[in-house]
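Enquirer: Protein chains in written order, with the working numbering: chain U, 25 to 370; chain X, 25 to 370. Sharing a structure here in C-alpha cells format.
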DNA sequence: TTGAAAGCGCTAACAT
DNA sequence: ATGTTAGCGCTTTCAA
C-alpha cells in the first residue's frame, strides 16, 4: 500500500494554483476559470489524487455514509446475537431491500454501513454511531413490533427513515405499502376463482403489516358474503407457514382457498398441501404476498401480491438524503400501492 | 441533532487536565495516574463525550471500517446492476456470511461497509474506496470465476481476504473449505445407503468449489466401483437444480441417488423428483451441500454436507484484522473441514 | 506522568 | 476568479 498518497497540496503545486482552487474544482464549485479547471483536472490525473474522506468529513461534518440497520427486539442473551443476520437474510425480502438501497446510494456517493441491532448493546451502538455522526442518518428495517430502536432514535432527534410504519407511533419518516389494499387484492383473486371456503395465514398481528393485510383480506371477504375467515397467525417464516397450514387443514379439511400474508409462508403452505394430497390450485388456490424469489421457488409458482421493495428502499434513500442535505427533519411518509401478480397457484 | 457535541477539549477542561491526557485515557495508553484516569472517566460521563471518528481517522490513518464486497463478473449493462444484490441474497449462504462477519467485527469496533461490485464501474469504485483508505481492508465474496476484482486488488497491493480460493490464483489471503472432502462425504453417504445408480448436479465447473466437490464425489464413487457418474452442471441456483434434475431423470430414469453441490440445487431437485413421482429418499436419496436454511426448507429436510460459513466468515475478519493491525500483507489461508449432517433425504 | 504544540488533509470564510 | 488563512477534533512527538 502506497504511503505517499498525494494530497490537495500535491495537486495544487502540480497545477500551479492554490489548494483552495483545487478544492473548488474537485467539489464542482462555480466561479473557476475553465482553463484552470482543466489544468487542475490534469494535475489530478497525473498525481492520482483522491480526496481523503476523513479530512473532508472532519470539516464538512458529513460522514458520507448511512447506517443500514436491521433491528429486532431481542435482549442480550447470547443466543440472540448469533444467527440473527442469517435468520433475517433467509427471507429474500432483505436482499431486495439491500438491492434498492445500494442502487439508490450509489449515485449519491454514499455508502451503507451494515448494522445488525438485535441486542440491547447493539442498539446502543447504533445510537452512538449516529450521535457521533459516524453516519449521516439511518435506514431502519425493523423486524419486530416491540423493537425499541425507533423510539430511541426519535428521542435522540436522529435522522432516520423506516421501512414500514412502526408498531408504536414514532416521529420518524417512513415508506410503506398499502397493506390493506394488498389484502383486498388477494381476496378478490380468490373470490374471482370461485373459492367458497377460504382461510388465511396472517402475519404477526402485532405489526401493522400483519394487521392491515389481514384486515384488508377479511373486509373484502365479508363484503362478498364470507364474513367468517379462519385465521392462523404466522410469523412470516416458512416454518410458521407449515404450522399454520397444518392447523387450518386439520380444522377445515374442506377449504379451497388460502391467503398467506407472505410468500415464504405460502411456500410452506404449499408444501403441506401437497403432502396432504391437495392440488394447488385445483383443490386449494393459494395467494402469497411480496412477490419475492420465494414466489418463484415455490411449486407451483405463486400468484402473489407484489410489494415493490426495491423502489420502496430507493425511496427511503431519497427521503433520508433529502433530510441530510437540507438539514431538515420534517416527517414524511410515502405509501406504495401493491399489485396482483398472477402465476399458477391461484 | 445537537450541535454542541463535546470534544476532547470540553472533557479536558471539565477534568482539569490537558487534551493529551484525556486522549491517553480514552485510548487506554499506559502511564496515566489512576486518580486522573478516574477524573477523566467521570468527565467523559458528565459531558457525554464520544470521540469523533473522522478526526481520529485523519491522524491515525485508520478508517475503522472494512469493505464487505460481494462481487460478480458483470459488465456495465444496466440489467446487471439491478437485481444483483437481490439475486445474491436469495441464497441463504450470504446471510450466514454477513452473520459471521458482523459478529466478528463487533468486538473489534469495526464496521462493514456493504459494497456490491457487479459492474466495471462498481469494481473501480471498490478499488478507489480502498486506495483512499476509506476502509482499512476488504472482505471479498466473489460469485464468479471470471471476476476481475481479486486481481485488481492484488495489483494495487490492497489488503483483502477472500471467501474461497479465487478461480485464477491471486496473491491474496483466503479462507476456504476442503471441498474435495465434502464431495467424499456425500459419496460415502450414498454408498452406505446402498445406492447403485448415482448422479450429481455439480456447481459451476469454472470455480474451485464446483470442481473440487465434483472431484471428491467422483473419486470416491470410482474407488467404490462406480467409475461412471452422470453429471449435470448447475449454477448453485434453485432453477439450475430443477433443470439439472429434469435432464438427469430423463437420461437416467432409474437413478437412485443424487448429490447436489449445494442445498439450493438439491431443493430444486427434490421438487422435480416429487413431481415425477419419485419418493425421497426411498426411490432416490439426495445429499445437498452447505447446510443452509434451504436444507431445512426443503421437503424432505436435506441430508447435507455442512460448510461452517459463519466460522469461516469470522476467520476472514480475524485474518484481515491481523493484517491491518500489523501492517503486514503476508498471505495466509485457512481451510475448514466439512461435516455430514444427516436428516431425511438420504 | 503530564502538558504544549504540531500537524493529519480538507473546506470555507475572508481578502484580494 | 483566486489566494490566504483559520480551523475541524484528534493523536503524538517532544519537553518538562
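Ideal Cβ positions, reconstructed from N, Cα and C, are used throughout, including at glycine. Treat the numbers as computed from the prediction; the structure is a model and nothing was measured.
Using 8 Å as the cut-off, can you tell me whether the region 134-146 of chain U makes contact with the region 131-138 of chain X, which would need three or more C-beta pairs spanning the two stretches below that distance?
Expert: A contact exists between the region 134-146 of chain U and the region 131-138 of chain X.
Enquirer: According to DSSP, simplified to helix, strand and coil, what is residue 318 of chain U?
Expert: If DSSP states are grouped into helix, strand and coil, residue 318 of chain U belongs with the helices.
Enquirer: On the CB-based measure, 16 or more other CB atoms within 10 Å of its CB, does residue 68 of chain U come out buried or exposed?
Expert: That one is buried.
Enquirer: Cβ closer than 7 Å: which chain X residues qualify as neighbours of residue 152 of chain U?
Expert: Neighbours of residue 152 of chain U on chain X, chain order: 74.
Enquirer: To the nearest angstrom, how far is the alpha carbon of residue 343 of chain U from that of residue 185 of chain U?
Expert: Each residue's Cα considered, the two are about 7 Å apart.
Enquirer: Taking only three categories from DSSP, how would you classify residue 26 of chain U?
Expert: Because the pLDDT at residue 26 of chain U is just 44, under 50, the model does not fix this residue reliably, and the point stays unresolved.
Enquirer: Should residue 295 of chain X be flagged as near chain U, meaning a C-beta pair shorter than 7 Å?
Expert: Chain U contact via Cβ: present.
Enquirer: Run through the DSSP bridge pairs and tell me what residue 359 of chain U is partnered with.
Expert: The partner list for residue 359 of chain U (beta bridge, DSSP) reads U:200.
Enquirer: Give the straight-line distance between the Cα atoms of residue 366 of chain U and residue 247 of chain X, rounded to the nearest whole angstrom.
Expert: Their Cα atoms are separated by approximately 50 Å.
Enquirer: Please compile the residues from chain X whose C-beta is within a distance smaller than 8 Å of the C-beta of residue 190 of chain U.
Expert: Going along chain X, no residue has its Cβ under 8 Å from residue 190 of chain U, so there is no contact; the nearest lies around 20 Å.
Enquirer: Where DSSP assigns a beta bridge to residue 281 of chain X, which residues make up the other side?
Expert: According to DSSP, residue 281 of chain X bridges with X:222 and X:309.
Enquirer: Residues bridged to residue 257 of chain U by DSSP?
Expert: Its beta-bridge partners are U:226.
Enquirer: By DSSP's criteria, residue 168 of chain U is part of a beta bridge. Which residues make up the other side?
Expert: DSSP, once it has assigned bridges, lists no residue as partnering residue 168 of chain U.
Enquirer: Indicate the three-state DSSP secondary structure (helix, strand or coil) for residue 163 of chain X in the structure shown.
Expert: It is a strand residue.
Enquirer: Check the C-beta distance from residue 182 of chain U over to residue 163 of chain U and give it rounded, since I have them as a contact under 8 Å.
Expert: Residue 182 of chain U to residue 163 of chain U, Cβ: 12 Å. No contact.
Enquirer: Helix, strand or coil: which one does DSSP assign to residue 135 of chain U?
Expert: If DSSP states are grouped into helix, strand and coil, residue 135 of chain U belongs with the strands.
Enquirer: Tell me which residues of the region 123-142 of chain X have at least one Cβ-Cβ distance to chain U shorter than 9 Å, keeping chain order.
Expert: Against chain U - using a Cβ distance shorter than 9 Å - the residues of the region 123-142 of chain X are 123, 124, 125, 126, 127, 130, 135, 136, 137, 138, 139 and 140.
Enquirer: If the cut is a Cβ gap below 7 Å, which residues of chain U does residue 119 of chain X touch?
Expert: Going along chain U in sequence order, the residues near residue 119 of chain X (Cβ under 7 Å) are 109, 110, 112, 113 and 114.
Enquirer: Decide if residue 317 of chain U is buried, meaning its Cβ has at least 16 other Cβ atoms within 10 Å, or exposed.
Expert: Counting Cβ neighbours within 10 Å, residue 317 of chain U comes out buried, since at least 16 surround it.
Enquirer: Anything in chain U within Cβ reach of residue 79 of chain X, meaning under 7 Å, just list it in chain order.
Expert: By Cβ distance, chain U contributes 82.
Enquirer: Quick one: measure Cβ to Cβ for residue 280 of chain X and residue 256 of chain X, integer angstroms, because I've assumed they're closer than 8 Å.
Expert: Contact flag wrong, Cβ pair sits at about 16 Å.
Enquirer: Out of U:331, U:190 and U:251, which one is the CA nearest neighbour of residue 120 of chain U?
Expert: Here the closest residue by C-alpha is U:331.
Enquirer: Three-state secondary structure (DSSP) at residue 93 of chain X?
Expert: If DSSP states are grouped into helix, strand and coil, residue 93 of chain X belongs with the strands.
Enquirer: Is there a Cβ from chain X that is less than 7 Å from the Cβ of residue 285 of chain U?
Expert: So, not an interface residue.
Enquirer: Compute the beta-carbon to beta-carbon distance between residue 292 of chain X and residue 265 of chain X, rounded to the nearest angstrom, for a pair I have assumed lies under 8 Å.
Expert: Contact flag correct, Cβ pair sits at about 3 Å.
Enquirer: Just checking: is the beta-carbon of residue 314 of chain X within a distance shorter than 7 Å of some beta-carbon in chain U?
Expert: Residue 314 of chain X does not count as touching chain U.
Enquirer: Whole angstroms are fine: how far does the CA of residue 210 of chain U sit from the CA of residue 283 of chain U?
Expert: Approximately 7 Å between the Cα atoms of the pair.
Enquirer: Taking the straight line between their C-alpha atoms, what separation do you get for residue 173 of chain X and residue 96 of chain X?
Expert: Their Cα atoms are separated by approximately 8 Å.
Enquirer: Closest by CA to residue 123 of chain U, which one among U:333, U:189 and U:263?
Expert: The option with the nearest alpha carbon to residue 123 of chain U is U:333.
Enquirer: Nearest-angstrom Cα distance between residue 65 of chain U and residue 47 of chain X?
Expert: Whole-angstrom Cα-Cα distance: 39 Å.
Enquirer: With DSSP collapsed to three states, give me the class of residue 31 of chain U.
Expert: Reduced to three states, the DSSP call for residue 31 of chain U is coil.
Enquirer: Compute the Euclidean distance between the alpha carbons of residue 221 of chain X and residue 166 of chain U, then round it to the nearest angstrom.
Expert: Residue 221 of chain X and residue 166 of chain U: Cα-Cα distance of roughly 49 Å.
Enquirer: Give a yes or no on whether 7 Å exceeds the smallest Cβ distance from residue 226 of chain X to chain U.
Expert: Chain U, which has no Cβ nearer than 7 Å to the Cβ of residue 226 of chain X, makes this no.
Enquirer: Per DSSP, which one or two residues make a beta bridge with residue 187 of chain X?
Expert: For residue 187 of chain X, which the question treats as bridged, DSSP gives the partners X:165 and X:199.
Enquirer: Three-state secondary structure (DSSP) at residue 114 of chain X?
Expert: Of the three classes helix, strand and coil, the one that applies to residue 114 of chain X here is coil, per DSSP.
Enquirer: Restricting to runs no shorter than 4 residues, where is the alpha helix (DSSP H) found entirely within the region 328-352 of chain X?
Expert: Runs of the alpha helix (DSSP H) inside the region 328-352 of chain X: 333-350.
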